[in-house]
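Step one of this worksheet: look at the structure below.
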Amino acid sequence: MPGLDPLARHMLARAGIHSLQELRALGSVEAYVRAQAANVHVGLPLLWSLEAVLTGQPWRQVEREHRARLLRVLACIPRHAYARAPKTIAARA
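When you line the sequence shown up against the numbering used here, it's residues 21 to 113, in that order.
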């Protein structure tokens with residue numbers, strides 16, 4: 021996936037996300053939650069990077085302009101979703 025470093029691509033692969041098409045279908049927040057469920061030490065910069073890939077914006081711009089919205093969506097996801105990879109999450113970014 022263009023725009024993601026090798027570690028981010030590895031984390032997504034461990035979460036079962038192998039293509040840009042799959043990332044687009046899931047959305048940044050759901051992909052982030054799945055990555056957290058499948059990996060350790062997954063931080064918010066991955067969420068910014070995923071959204072950057074989907075929007076075509078630099079991740080620092082995403083962090084500035086979309087941070088509040090992404091965190092609101094993330095806050096709506098039950099904490100138990102982080103313990104396993106969910107099939108779907110209704111609230112997508």
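Ideal Cβ placement from N, Cα and C applies to all residues, glycine included.
For residue i, the nearest candidate out of the options (CA to CA)
| i | options | result |
| --- | --- | --- |
| V93 | R99, V49, L66 and W79 | V49 |
| R99 | T75, R54, M31 and D25 | R54 |
| A33 | A58, Q81 and G23 | A58 |
| G63 | L27, C96 and Q41 | L27 |
| W79 | Y52, R89, A35 and P65 | P65 |
| D25 | V73, A45 and L91 | V73 |
Simplified DSSP state of residue i, which is helix, strand or coil
| i | result |
| --- | --- |
| Q77 | coil |
| H38 | coil |
| C96 | coil |
| M31 | helix |
| L66 | helix |
| P22 | coil |
| H61 | coil |
Any chain C beta carbon closer than 8 Å to residue i
| i | result |
| --- | --- |
| S39 | No chain C appears in this structure, which consists of one protein chain only. |
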